[in-house]
Structure formats: C-alpha cells, structure tokens
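Novice:
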Amino acid sequence: MRTLEHAEPPRTGDLRPLPHRAQAVVRKPGRAVITRRWDVHVHHEHRVPRTGRALLACNHIGWLDGPLMVGVAPRTIHALVKHEMFVGQIGLLLRSIGQIPVERGTIDVRAIRLAVRALRDDRVVAMWPEGTRGNGELRKLKRGLAYLALVTGAPVVPVALLGTRAYGESVSDLPPRGRRIDVVYGEPIAVEAVAWPRRRESVEGLTRSLQRELIANLEHALEVSGQRLPGSAADEEAREADMVGLADDPQEDS
224 MRTLEHAEPP RTGDLRPLPH RAQAVVRKPG RAVITRRWDV HVHHEHRVPR TGRALLACNH
284 IGWLDGPLMV GVAPRTIHAL VKHEMFVGQI GLLLRSIGQI PVERGTIDVR AIRLAVRALR
344 DDRVVAMWPE GTRGNGELRK LKRGLAYLAL VTGAPVVPVA LLGTRAYGES VSDLPPRGRR
404 IDVVYGEPIA VEAVAWPRRR ESVEGLTRSL QRELIANLEH ALEVSGQRLP GSAADEEARE
464 ADMVGLADDP QEDS
C-alpha cells in the first residue's frame, strides 16, 4: 500500500465504523476448524494489547495466513486484503466481518482511511507489509505500516507466521492436513503519533526501524519453532554462498 502525501491527515469522521460483531461470532468455530485440521502453536499471545489500538505486522508466505490470523488472533482484527478477493460469496463474507479491501500498486485512499478509522476506534488492524505472498523473509517492506503507526500512534506487534507454506509448494496452496504451523508474536513496538508525517524521510526511517524489529522476531520464531521459511532453490544457494564467503573471509589482525 502506497502512502498519502498531502497537507492534512486523513479525515475519517464521515466513515461508518467497520463491522466486527459478525467476526466475533465466527471466530470460535473458525479457530476450531483451523486447529483441528493443522497442528497450530501460538507463542506469546499475551504480547497483543488486550485493549486499545494496535497494528499486527505479519510476514506473508501462504494463502492460509489471513484466515489463520482471523481465527487465532486474541482479538477481532481488521485485515488489509487485496481487493481481488472481494467477489461473490467470499467478498460478502469478508465485508461482513470487517476486512478492508486494498488495491495494490496504487494510493488507495479509501483503504487508508478505513484502516485509520479502525485504529482511531481502538481496533486491531492486521497488515502484511511485504505487500504480497512470497518467501516471508521481510527483505522489503511497503511504507504503509509505518505510515499508519505514525498517523495513529498505534503500537506495532511483530507476527511471524511459519508452516503455512513449505519449499516447493505454491503460494496458493493450502498446507497438508496435520502440518505444524507456528504463530509467534513479538514485543509491541511503541510508536509516537506525529501531527502529520509529511516528510517521506520520517516514514522511510520508521519503516527501516520496524523492519529490523520484525526480522529479529522472525529469527527468534525460526529458532523456537524449528521451522524453515519456504524460500526458493536460488535463495538457498545465495544464502549458502554468502555463508561460505563470510567463513572464508580472512580477518585482519587487531
């Protein structure tokens, strides 16, 4: 999600609050379905604030990531979901449970305003700041996460999702029944709201800072879970080459 750049913060008073009661009804049976089909392990759930606004920042590796978060997050969430999903019965369901359609690759003003409205209403907004499903390594983040945090002062909670896709599987595949899936929450990152993040540099600076924190939580999650990211053969070879290069690099005498 690209960010707005104009003289005033987004106005949200004319927007209706996002619906959330329907999601509260479907969450319990949804969670039961997910935890029966897969071996789901949730770590450090207590790190999600029980009240007030919050942003959940998740890595994105598979199709199941979104439904998984709706089912297992400790609070009702409003997730930013690509607008292509909002068609037919699925679209009606997503709207009824308060999910936010976003048109990727553009400045989607309505999606931004809806997310800001939800946060100003002390709700939880979930984002996948990589912008699309991939290796989940958080190598490159969009600026929308930092933008929303700066506008609203919402704390950012890192979330590492592991096991929703393995090496060799398509980003559109469901994981096989019984697979272990880990959801690992990091410590909330406090962000001070500013009058208006007019300068791109301030948003980019916070994006880099948040990226470091999200990667640190991801590395912790990989360690405690014993999982691996899906990656690709080329990625694995590049990482191995980097490791060999570092190991072979002669050290200067101190």
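Heads up: the sequence shown begins at 224 in our numbering, then just goes up one per residue.
Where a beta carbon is used, it is the ideal one built from N, C-alpha and C, also for glycine.
#1: Grouping DSSP H, G and I as helix and E and B as strand, with all else coil, what is Y408?
#2: Within this structure, are the beta carbons of H264 and R400 separated by less than 9 Å?
#3: Please say whether L368 and L452 have beta carbons closer to each other than 9 Å?
#4: Could you give the DSSP three-state label for T288: helix, strand or coil?
#5: What does a CB cutoff of less than 6 Å around W286 pick up in its chain, not counting 5 residues either side in sequence?
#6: For I300, does the three-state DSSP call read helix, strand or coil?
#7: Please return the same chain residues whose Cβ sits closer than 6 Å to the Cβ of R388, not counting the five positions on each side in sequence.
#8: Please state if the CB of L303 and the CB of A255 are separated by a distance shorter than 9 Å.
#9: In the DSSP assignment, find the beta strand (DSSP E) that holds L384 and state where it starts and stops.
#10: Give the straight-line distance between the Cα atoms of H266 and I438, rounded to the nearest whole angstrom.
#11: How many Å lie between P352 and P240 at the Cα?
#12: Grab the span of the beta strand (DSSP E) containing I323 for me, first residue to last.
#13: For the beta strand (DSSP E) containing H264, name the first residue and the last one.
Specialist: According to the structure shown:
#1: strand
#2: no
#3: no
#4: A small correction: the amino acid at residue 288 is Asp; Thr does not occupy that position in the sequence shown. D288 falls in the helix class under three-state DSSP.
#5: S395
#6: strand
#7: I284, G285 and P453
#8: no
#9: V379 to L385
#10: 16 Å
#11: 23 Å
#12: I323 to V325
#13: D262 to H266
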